[in-house]
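>
There are 2 protein chains.
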Amino acid sequence: MKAINNRDYSTLIAAATQKIPCDLTVKNVKLVNVLTGEIYPASVDVKDGVIVHVQPGEACDSQSKTTVDGQGKYLLPGFVEIHMHVESSMLTPERFGREAVLHGTTSAMTDPHEIGNVCGMEGILWMVEDAKRSPMRQFNLASSCIPADAEFETVPFPIRAPQMAQLLDSPGVYGIAEVMDSNAVIADQPFMRDILAEGRKRDVVIQGHAPYVTGRNMSAYRLAGVMNTHTVLSAEDVRECMRIGMHANMQCSSLSTMFGLQKMVKGTEGMRYLDFLSVCTDDVHAKDMQQRGHVNALLRALLDAGVDPMDAIRCCTWNPARETGFEDIGAIAPGFAADMQLVDALDGRDPDTVFVGGKMVVADGNLLLPPVPERPAPFANTVQLQPITAEDCLLKVPSANVEIAAIECASGNRLEFTAEWETLPIVNHAVDLSGKPDYCFVAVFNRFGRGTKCIAVYKHFGLKAGAMATTISHDCHNIIVAYRDPADGAAAVNRLRETGGGIVAVKNGAVIGEVCLPVAGLMADVACAELVDKLDTLSEQLKTIWAEENPSLLKLSLLALTVMPGISMTDTVMVDGGTRTRVPSFRAKENADGIN
Amino acid sequence: MKAINNRDYSTLIAAATQKIPCDLTVKNVKLVNVLTGEIYPASVDVKDGVIVHVQPGEACDSQSKTTVDGQGKYLLPGFVEIHMHVESSMLTPERFGREAVLHGTTSAMTDPHEIGNVCGMEGILWMVEDAKRSPMRQFNLASSCIPADAEFETVPFPIRAPQMAQLLDSPGVYGIAEVMDSNAVIADQPFMRDILAEGRKRDVVIQGHAPYVTGRNMSAYRLAGVMNTHTVLSAEDVRECMRIGMHANMQCSSLSTMFGLQKMVKGTEGMRYLDFLSVCTDDVHAKDMQQRGHVNALLRALLDAGVDPMDAIRCCTWNPARETGFEDIGAIAPGFAADMQLVDALDGRDPDTVFVGGKMVVADGNLLLPPVPERPAPFANTVQLQPITAEDCLLKVPSANVEIAAIECASGNRLEFTAEWETLPIVNHAVDLSGKPDYCFVAVFNRFGRGTKCIAVYKHFGLKAGAMATTISHDCHNIIVAYRDPADGAAAVNRLRETGGGIVAVKNGAVIGEVCLPVAGLMADVACAELVDKLDTLSEQLKTIWAEENPSLLKLSLLALTVMPGISMTDTVMVDGGTRTRVPSFRAKENADGIN
C-alpha cells in the first residue's frame, strides 16, 4: 500500500537520473536513516512529492529548482502516528493537522470513532473529507465498534457489517479501526465475525484494543486478523504482544496517565528486535499537543524511559509505518514520500522545518499556510434533548430504606473505581448530598433524542461546588454532568443543549465558563492556539468548583466508557467493566440484590 | 498477503481457546522467536495448518490430537528462500521440493525464468501446477525478462506486457520475477515500463537483478518499483541497497563462486538494523543441494562470515518473508503457517523434523512421503534443430589475413572474460586449433528451429580434448558446446538433439557420459539422489576431457548470458556485457573494425 498513488514513474526516473530537474534538494544534513539505524551526511532530492535520490556524503551535485540548506541539522522522517482519534484534540481534522505538523507528525492512522458514535457514517466520511484539507496525511480507518459496547450502549447509527463494507469501499478509508469489543471477537460472536470478515476479505489492516486480554484469548484475537493493540498496560503485556507478532502500540495520551512507558518498555528486555513496538497518542487534547507536543512528546518519553535513541525514533517512524502496510512513509529513501523534518537534536523537540510531500509546511517552527477560510460548523445540532429541570437531576429512590451505590474514586484511576454500598440522606424520595462535601452526583443524559438518563453518586471525585458538564463522553458522547446541586446540573446540561455541545462549568445556577465545540459536540473549527486560550480560561473557572489545584478539563470523559475495568455508566445503567455486570444505583437495605 | 488463504477463522479461534482440540502440539522445544530475537522454552499448537497458540514455558496444557515431543531441540521457522530458479536444480518442482524440505526450506519465491525462455507461458504455468505437488510452498513469480536481453537475444515466446498481465492474473503467480534488464528500466524503455506497470497496478512484489548498478541509476531502478536485488557483489553494494530500502539478497549459488558472503556482509558494519538483508540460492544444482544443503547452507555461510546467529537466522526466515509481503510465513506465532523445523543446533545443519502447514514431512532426517507416480516427461521435444556435421562446427573466415577474437578465460571468472585479438592458424578458410592445446571452440546453436549459430575461440578455458554440450545455457537455453575437434562438437550437439536435452560429453566421436534432462532440456523428473548419481558418473568422464581436477558440470552455462559484464555469446553474436557492444569473432588484420 502506498501513501502516494498515481505516480508518474517516468518522471520520477528521469528526475533521479538528472534528465529533468528535481523540485527540491535538501542538502547539508545529518540523515537519520531508520532503515539501517545509521546517521550520516547526505542530501535528498525530491520530485512530485517523492524522494528520488539520497546522495550520501557532504558533496551535493543536485541541480534542483529549490535547494534548502539544512545547515548540518538532523533530517528525520516525519513522525507516523499509528493510532489516534482526531476528535480528542477537540479540533477538526484540518485544524488538528495544522498543529500536528508543528511537532513533526506528518502521518496518522486515525479512528473517527467519536464522531462515528454521534453522527454515524456521515460523520466518518466528513472526517475523511476534512482531513484532505490538512497539511499532513490522515489515513482514516473505519470505526469497528459503534457502539463500543454492544451489550450496554446504544448509539443513533450503529455500525455493523453492511456499514463496515460501505465504509471500507469508500475512498480514503484504509482499514478497520480499533476493535474494542475484544470479548465479541474471542467469543466469535456472529455480528463481530461479520464485521471482521469485511476487512479480511479486502486484506486491509485491522487495529485492536484488548486491555487485560492475554494467553489463549490474545492468540484468538490475533488469529481473527487483528494486528496491533494500544492497550498494553504493563511490561508483561508488551512482551506477550511482541512475541506473538501483535504490534504493541504503547500509548501515552491525555486520558491515560495511568499508563507508563517507563514500566512498559521493560517488557522488551532481552529482545534483540523491537520491530513490533511503537507508540501512539490515542487521545491528545489541544492543550497537551500545544504544550508537550504530539508524537515527538512520545519520543521524549521513550528516551526518558531509557530506550536507545535510534530504536525510539523507529518506534515513531518506521515501525508504525511498516505495521500499517504503508511502504512509502516512515523513512527517507528513494520512492518514499518526501515527509521529512529538520531538527537541531534528536531529543523530541519541535522541528525547525517540516516537509510533507516535498512541500515546506513549517519553517523556523512556524506554519507556512494561509488562514483557513470561514465556514459554518458541520454537525452543529447534535445535542437533542428536551430542556431539563433540577428535578430531572435528582437521584430518586422508592423509600428511605435503601443503600446507595457510591462510586469510590479516591484512587484517581478510573480503572479502579469501585461501588460501595452506603446509607445516605434521603429527602423527598431523593438522595440529598448537600451535607456531604466529599460526594457529588454524576449523570448521563442521552443526547440523541432517546430521553434516557442514569444518575449515580460519586465519592472523593473532587467536585466541591456547582456543576460541570460535557458532550465529550467516551464513547457514546452523551451528555455527562457532575454536580453537587441538581439545579446547577440542570443549568449545565441546558447550556450544552443551547450551544450545540462542548464543556461548561456552572456555579450558583450561572455559567461561569465554557468552551463551545459545535462540530458534533466534539470539535471546534478554530486554530489550536485559540482553542487553548478558551480552555485555559475555562480551567481557571474550574478551579472554583473542583478540589484539585489543576482540575483536568475532561475529568468526566471516561466515566461512561464501559469497555474498560472499573465502574462506568451509560445513559441507562451503571456497569462493572471488570465483571461485565450491571450495578444498580441503589438497593433495598434488607435485600442484597439490586432493585433498580 | 497470506500463504494460507481460505481460513476458517471460527475454527482457529475455537482451537486457540480450547473449545475444540488442536490437530498438533509440538511441546518441549526451545522456540527460536525471530520476531523478538529470543529463545525460550515453549509449546506450539496447530489447527488446520495454522499456528493457533504458542505457550511459553516448560508446561504444556494442550490436548491436541497429536503431540510431538521436541525433546528440548530448537524449533525454528522453516527457511524462506527469497529468490531462486527451480530449474537450476535440474529437478522438477515436485522433486525439488522433496529435497529442499530435507534441508529445512519450506517456502521459496521462484522464478521459472529458465523454462519460460524455452516454453513461454505454458512452461511457467506448468511449474505452478507441478509446484502444488511439492511438500513445500513454492510461490512462482512471472518472469519479466524473456528474453533476458532484448537487444541481443531471441526466444520463441517473448514475454511482454500482455503476457505479463496474463501471468499475473493466473492463480499461483505472486508477482514479477527478477527484472534483469536493469538498463531498460533505468532508461525507461516503453516495453519495460509497460511490463512493470502491470505489476504496479496489481501492487505485487517486483524482484530485481542489477549488477553494477549504483547511485542515481539504482535510485531510478528502486523508483520503478523494484524492491530487491540479488546481484549485490560487494560490501559497498550491500550497504547502498540497504540504505535505500532495496532488499539486498546476498546470493550464494552453484554458479556464483565469484560472490563471497564474507566480503558482502562487511557492508552492514555500523548498521543497527539488518531488516533489508537476506540470502538467496538463486541457482543451486541437485548435487550441491544434496551435499551442502539449501538455505541452511547459506545460514552456515552467514555464521562463517561472522554474522550474529539470530541475525543470520532472520536473514533466512523473517527478513525474506517480510520482504515478499507474506504476513504468515517466516516466524512461529499465532496466525502463521505451521512451517517449522526441529534442529539440534543453530548451525545450519539439516533438521531432524520438518512440518509444513502442520504436516510432518520429514522425521529423523528422512522424507515421510510416498513415491512420486510415474508419468511422461512434459516438454520432452524442445531441442529443435537439424542434425549438424563437423563442417557446421568450423569457425570459417573469409581469408587467412584475419585476427581472431580469442576469449581469455584465465581468471576463471566469467565476469572478467575479455576478447583479445590473435593470429591463429587458418586451414581451408577455417580456424584450426589442433596445434593449440590451450584453445578450444565454443559455439551456441539455436535450439528453437531458427537455424542460427555463433562460434568463437576460447583461451585457457580448460577443455583439453573432446567436447561437452548442454541445453542448460542461461538464459535462452540454446545448445552450447565446447570442443577441440569440430567432429566431437557436432556429435555432442546431435546427441542432445536425440535425447531432448541435458548434458553430454563426447570424446573421439563417441558419447562418454551424459545426463538426460528431458523436461524442456532443463530438468529431470527423478529423485534428487538418482540425478546426483548420474551427475557423479558424468563428472568422472568429464575429467578425461577437462584440465581441472573436478570440472564443473556446468562450465558452459553462463557463457551465453549477455546481461552480465564480460564477454558472452548468443546464437548469433558475441557481446561485451560491460560496454553493451557486439564483438566480432574475427577481423581483417588491416582493419581495426570488425568485419563479421
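Residue numbers (this note's numbering), protein chains in the order written: chain A, 1 to 596; chain B, 1 to 596. Quick reminder that beta carbons are idealized off the backbone N, C-alpha and C, glycines included.
1) Inspect the beta-carbon positions of V101/A and M136/A and report whether they are closer than 9 Å.
2) Taking the straight line between their C-alpha atoms, what separation do you get for N5/B and K266/B?
3) I'd like to check one pair, L496/A with A469/A: are the Cβ atoms closer than 9 Å?
4) Alpha carbon to alpha carbon, how far is E422/B from S64/A? Give it in angstroms, no decimals.
5) So G78/B packs on T36/B, CB below 8 Å; how close in whole Å?
6) Skipping 5 residues on each side, what residues in its chain have a beta carbon closer than 8 Å to that of T418/A?
7) Would you kindly work out how many angstroms separate the C-alpha atoms of R243/A and L76/B, rounded to a whole number?
8) Is the CB-CB distance between I503/A and G466/A below 9 Å?
9) If A505/B sits next to I545/B, beta carbons under 8 Å apart, how far is it from one beta carbon to the other, in whole angstroms?
10) Can you tell which of I455/A, F96/A, A510/A has the C-alpha that lies nearest to the C-alpha of S601/A?
11) Return the residue from the list M564/B, K589/B, R587/B that minimises the CA-CA distance to G580/B.
12) Rounded to the nearest angstrom, how far is the Cβ of A560/B from that of C476/B, given a contact under 8 Å?
13) If the cut is a Cβ gap below 7 Å, which residues of chain A does M271/B touch?
14) Taking the alpha-carbon positions, what's the F157/B to F448/B distance?
15) Can you list the residues of chain A that T229/B reaches, using a CB-CB cut of under 7 Å?
16) Give every residue of the same chain whose Cβ lies closer than 8 Å to the Cβ of L598/A, excluding the five residues on either side of it in the sequence, and list them in chain order.
17) How do the segment 367-376 of chain A and the segment 385-399 of chain A stand: do at least 3 beta-carbon pairs fall below 8 Å, yes or no?
18) The segment 200-231 of chain A: which residues have C-beta closer than 9 Å to a C-beta of chain B, in chain order?
19) K73/A by DSSP, collapsed to three states: which one?
20) If distances are taken between C-alpha atoms only, which option among R193/B, A524/B, V213/B, H85/B comes closest to D111/B?
21) Once you ignore the five residues that flank T572/B on each side, which residues in its own chain have a CB closer than 7 Å to its CB?
22) Provide the residue span of the alpha helix (DSSP H) that contains T154/B, from first to last.
23) Tell me, please, whether the segment 512-522 of chain A touches the segment 423-436 of chain A by the rule of three or more beta-carbon pairs shorter than 8 Å.
24) Considering only the alpha carbon of each residue, which of M246/B, G172/B, S234/B lies closest to Q207/B?
25) Ends of the alpha helix (DSSP H) at T601/B?
26) Quick check on the DSSP output: the alpha helix (DSSP H) that includes G116/A runs from which residue to which?
27) Answer with buried or exposed for T537/A, where buried requires no fewer than 16 other C-beta atoms within 10 angstroms of its C-beta.
28) Distance cutoff 9 Å, beta carbons only. Does M1/B sit that close to anything in chain A?
29) Check whether chain A comes within 9 Å of D188/B, counting only Cβ atoms and requiring the distance to be less than that.
30) What is the DSSP secondary structure of P334/A, reduced to helix, strand or coil?
31) Within the chosen definition, does the segment 32-50 of chain B reach the segment 325-339 of chain B through at least 3 CB pairs nearer than 8 Å?
32) Looking at C-alpha atoms only, which residue of T229/A, R133/A, P551/A is the closest neighbour of D525/A?
33) Let me see if you follow: with CB-CB separation under 9 Å, is I195/A close to chain B or not?
34) Can you name the residues of chain A whose CB is closer than 7 Å to the CB of V52/B?
35) Kindly indicate the opening and closing residues of the beta strand (DSSP E) around Q63/B.
36) Relative to the alpha-carbon of E403/A, which residue among V431/A, L91/A, L553/A, A377/A has its alpha-carbon at the smallest distance?
Let's see:
1) Numbered from its first residue, the first sequence carries residue 101/A at position 101. Numbered from its first residue, the first sequence carries residue 136/A at position 136. Taking 9 Å as the Cβ cut-off, V101/A and M136/A qualify as a contacting pair.
2) Within the second sequence, residue 5/B is the residue found at index 5, counting from 1. Within the second sequence, residue 266/B is the residue found at index 266, counting from 1. When rounded, the distance between both Cα atoms is 39 Å.
3) The residue labelled residue 469/A in the question sits at position 469 within the first sequence. The residue labelled residue 496/A in the question sits at position 496 within the first sequence. At the C-beta level, A469/A and L496/A come within 9 Å of one another.
4) Residue mapping note: residue 64/A aligns to position 64 of the first sequence, counting from 1. Residue mapping note: residue 422/B aligns to position 422 of the second sequence, counting from 1. Spanning the two alpha carbons is a distance of roughly 50 Å.
5) As a working note, residue 78/B is residue 78 in the second sequence. As a working note, residue 36/B is residue 36 in the second sequence. In fact, because the Cβ distance is near 18 Å, the residues do not count as touching under 8 Å.
6) Walking along the first sequence from the start, residue 418/A turns up at place 418. Hits under 8 Å: I407, E408, G566, I567.
7) What you label residue 243/A is simply residue 243 of the first sequence in a count that begins at 1. What you label residue 76/B is simply residue 76 of the second sequence in a count that begins at 1. Whole-angstrom Cα-Cα distance: 14 Å.
8) Start at 1 with the first residue of the first sequence, and residue 503/A comes out as number 503. Start at 1 with the first residue of the first sequence, and residue 466/A comes out as number 466. Their beta carbons are not under 9 Å apart, which means I503/A does not touch G466/A by this criterion.
9) Position 505 of the second sequence, counted from the start, is the residue given in the question as residue 505/B. Position 545 of the second sequence, counted from the start, is the residue given in the question as residue 545/B. With a Cβ gap of about 6 Å, A505/B and I545/B count as contacting.
10) Absent from the model: residue 601/A. The displayed extent of chain A is 1 to 596, so no value can be given.
11) Translated into the one-based positions of the second sequence, residue 580/B becomes position 580. The sequence shown places Arg at residue 580/B, rather than the Gly named in the question. Taking the Cα of R580/B as reference, the smallest distance to any Cα among M564/B, K589/B, R587/B is reached at M564/B.
12) Taking the second sequence and counting its residues from 1, the one referred to as residue 560/B is at position 560. Taking the second sequence and counting its residues from 1, the one referred to as residue 476/B is at position 476. Going by Cβ atoms, the distance from A560/B to C476/B rounds to 6 Å, so yes, they are a contact pair.
13) Locating residue 271/B in the second sequence gives position 271, counting from the first residue. Ordered by position in chain A, the residues that pass the 7 Å Cβ test against M271/B are T36, G37, E38.
14) Taking the first residue of the second sequence as position 1, residue 157/B is located at position 157. Taking the first residue of the second sequence as position 1, residue 448/B is located at position 448. Looking at the two C-alpha atoms, the distance is approximately 10 Å.
15) Within the second sequence, numbered from 1, the residue matching residue 229/B stands at position 229. Ordered by position in chain A, no residue passes the 7 Å Cβ test against T229/B, which lies about 13 Å from the chain.
16) No answer is possible for residue 598/A: the residues shown for chain A start at 1 and end at 596.
17) no
18) R200, D203, G215, R216, N217, M218, S219, A220, Y221, R222, L223, A224, G225, M227
19) Translated into positions along the first sequence, residue 73/A becomes position 73. If DSSP states are grouped into helix, strand and coil, K73/A belongs with coil.
20) Along the second sequence, one-based indexing puts residue 111/B at 111. That would be H85/B, whose Cα lies nearest to the Cα of D111/B.
21) In the second sequence, the residue the question calls residue 572/B occupies position 572. These residues qualify, in order along the chain: T452, C454.
22) Locating residue 154/B in the second sequence gives position 154, where the first residue counts as 1. Careful: T154/B lies outside any alpha helix (DSSP H) and carries neither H nor E.
23) Result no; under three Cβ-Cβ pairs closer than 8 Å.
24) Counting from one through the second sequence, the residue named residue 207/B turns up at place 207. Considering only alpha carbons, the answer is M246/B.
25) Residue 601/B lies beyond the residue range present for chain B, which begins at 1 and ends at 596; the question has no answer from this structure.
26) Counting from 1 along the first sequence, the entry for residue 116/A is found at position 116. Per DSSP, G116/A belongs to the alpha helix (DSSP H) from 113-131.
27) Along the first sequence, one-based indexing puts residue 537/A at 537. Its Cβ having fewer than 16 others within 10 Å, T537/A is exposed.
28) Taking the first residue of the second sequence as position 1, residue 1/B is located at position 1. So yes, M1/B belongs to the interface.
29) Within the second sequence, residue 188/B is the residue found at index 188, counting from 1. By this cut-off, D188/B is an interface position.
30) Along the first sequence, read from residue 1 onward, the residue named residue 334/A stands at position 334. P334/A falls in the coil class under three-state DSSP.
31) yes
32) Your numbering for residue 525/A matches position 525 in the first sequence. Scanning T229/A, R133/A, P551/A for the CA closest to the CA of D525/A turns up R133/A.
33) In the first sequence, counting from the first residue as 1, residue 195/A sits at position 195. Not an interface residue.
34) Working through the second sequence from its first residue, we reach residue 52/B at position 52. Those within 7 Å of V52/B in chain A are S219, L223.
35) Stepping through the second sequence from its first residue, residue 63/B is reached at position 63. It is not in any beta strand (DSSP E) - Q63/B carries neither H nor E in the DSSP assignment.
36) Translated into the one-based positions of the first sequence, residue 403/A becomes position 403. The residue with the shortest Cα to Cα distance from E403/A is V431/A.
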